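Colleague: Okay, handing you the structure first.
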Amino acid sequence: MKIICIGRNYADHAREFNNEVPENPIFFLKPDTSIIIRNRPFFHPDFSDDIQYETEIVLKINRLGKNIDRRFAHRYYRELSVGIDFTARDLQRQCKKNGWPWEIAKGFEGSAPLGKFISKDHFEDLRNLPFGLNLNGQVVQSGNTRDLVFSFEDLIAYVSRFFTLKTGDLIFTGTPAGVGPVKIGDRLSAYIHNKTLLDFRVR
Ligand code: ZN
0 MKIICIGRNY ADHAREFNNE VPENPIFFLK PDTSIIIRNR PFFHPDFSDD IQYETEIVLK
60 INRLGKNIDR RFAHRYYREL SVGIDFTARD LQRQCKKNGW PWEIAKGFEG SAPLGKFISK
120 DHFEDLRNLP FGLNLNGQVV QSGNTRDLVF SFEDLIAYVS RFFTLKTGDL IFTGTPAGVG
180 PVKIGDRLSA YIHNKTLLDF RVR
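Numbering (numbering that gives the first Met the number 0), first residue to last: 0 to 202.
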């Protein structure tokens with residue numbers, strides 16, 4: 000399986016890094032070894048002094064598809080959750096500056112904690128899903144899917160032009176504003192509406 004992560008998909012987050020909102024979705028991949036499930040702890044790596052959380056809605060692909068038409072894209076995922084796209088911001092800055100690939104900043108071990116997946120039928124309106132992150136009990140990110148630059152359907156249609164999507168593939172759909180660093184001992188809990196789907200510690 001593969002993990003596809005979308006960049007700059009909320010204008011307020013793009014602005015916090017002085018980035019333009021792109022014309023087409025921007026994406027990158029993480030390896031399957033980046034996944035953490037069942038609220039297991041995230042072990043802070045020693046190669047970065049600036050690991051930052053990005054809280055994102057995650058879609059789970061449930062059938063094979065390529066060149067998926069936007070109109071049918073909703074048929075390609077049935078469950079969603081919330082996940083963290085951990086980013087070694089210091090390494091990412093260095094990679095960007097030098098024009099290097101940034102996998103080490105995005106795809107390292109444990110860089111994709113995943114919440115419990117729930118059926119999308121659970122939600123009345125996928126285009127109005129409030130979600131966010133509590134860090135040690137304080138809300139640090141709060142977003143809503145109505146502010147997505149590219150909808151879930153846009154993303155599935157676009158990504159599937161380049162990659163065949165397979166059952167079990169995951170799409171991290173981008174983070175709203177408010178990203179920030181974590182340290183050992185922190186507790187992160189992420190929610191959709193008022194339902195906590197992910198709750199883990201940094202060790
Ligand atoms: Zn991200």
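For each residue, glycine too, the CB sits at the ideal point set by N, CA and C.
In this text the structure is predicted, and so the values were computed from the model without any measurement.
Put phenylalanine 161 into one of helix, strand or coil per three-state DSSP.
Modeller: Of the three classes helix, strand and coil, the one that applies to phenylalanine 161 here is helix, per DSSP.
Colleague: Apart from the five residues on each side of it in sequence, which residues of its chain come closer than 6 Å, Cβ to Cβ, to arginine 145?
Modeller: Correct list, in chain order: Arg126 and Asn127.
Colleague: Where does glutamate 19 land, buried or exposed, given buried means 16+ other C-beta within 10 angstroms?
Modeller: So glutamate 19 counts as exposed.
Colleague: State the start and end residues of the unbroken beta strand (DSSP E) segment that holds asparagine 97.
Modeller: Asparagine 97 -> not in any beta strand (DSSP E); alpha helix (DSSP H) instead, spanning 88-97.
Colleague: Can you tell me whether serine 118 is buried or exposed? The criterion is at least 16 other CB atoms within 10 Å of its CB, across all chains shown.
Modeller: Exposed, because fewer than 16 other Cβ atoms sit within 10 Å of the Cβ of serine 118.
Colleague: From alanine 104 to aspartate 120, what distance separates their C-alpha atoms?
Modeller: Distance between the alpha carbons of alanine 104 and aspartate 120 is about 35 Å.
Colleague: Less than 7 Å separating the Cβ of cysteine 94 from some heavy atom of the ligand ZN?
Modeller: Outside the cutoff, so no.
Colleague: Could you tell me which of His12, Ala10, Gly64 and Ser33 sits nearest to threonine 166, measuring between CA atoms?
Modeller: With distances taken between Cα atoms, threonine 166 lies closest to Gly64.
Colleague: So, helix, strand or coil for aspartate 198, using DSSP?
Modeller: It is a strand residue.
Colleague: I need the DSSP call for lysine 182, collapsed to helix, strand or coil.
Modeller: Looking at lysine 182 - three-state DSSP - the assignment turns out to be coil, as it is neither helix nor strand.
Colleague: The ligand ZN heavy atoms versus the CB of glutamate 19: any closer than 7 Å?
Modeller: Because no heavy atom of the ligand ZN lies under 7 Å away, the Cβ of glutamate 19 does not count as near it: no.
Colleague: Less than 8 Å separating the beta-carbons of phenylalanine 130 and proline 24?
Modeller: Not closer than 8 Å, so no.
Colleague: Could you name the residues of the same chain whose beta carbon sits closer than 6 Å to that of serine 141, not counting the 5 residues immediately before and after it, in chain order?
Modeller: The answer, listed in chain order, is Gly131.
Colleague: State the beta-bridge partners of threonine 54 as determined by DSSP.
Modeller: DSSP output for threonine 54 lists Ile83 as bridge partner(s).
Colleague: Considering only the beta carbon of each residue, do phenylalanine 199 and proline 112 sit closer than 8 Å?
Modeller: A contact, by the Cβ cut-off of 8 Å.
Colleague: Are the CB atoms of threonine 5 and threonine 195 nearer to each other than 8 Å?
Modeller: Looking at the sequence itself, residue 5 is isoleucine, so the reference to threonine does not match. Cβ distance not < 8 Å, so isoleucine 5 and threonine 195 don't count as in contact.
Colleague: Just to check, is the beta-carbon of phenylalanine 206 closer than 7 Å to a non-hydrogen atom of the ligand ZN?
Modeller: Outside the modelled stretch of the chain, which goes from 0 to 202, sits residue 206, for which no answer is possible.
Colleague: Quick one: is valine 138 buried, meaning 16 or more other Cβ sit within 10 Å of its Cβ, or exposed?
Modeller: Answer is exposed; the Cβ neighbour count stays below 16.
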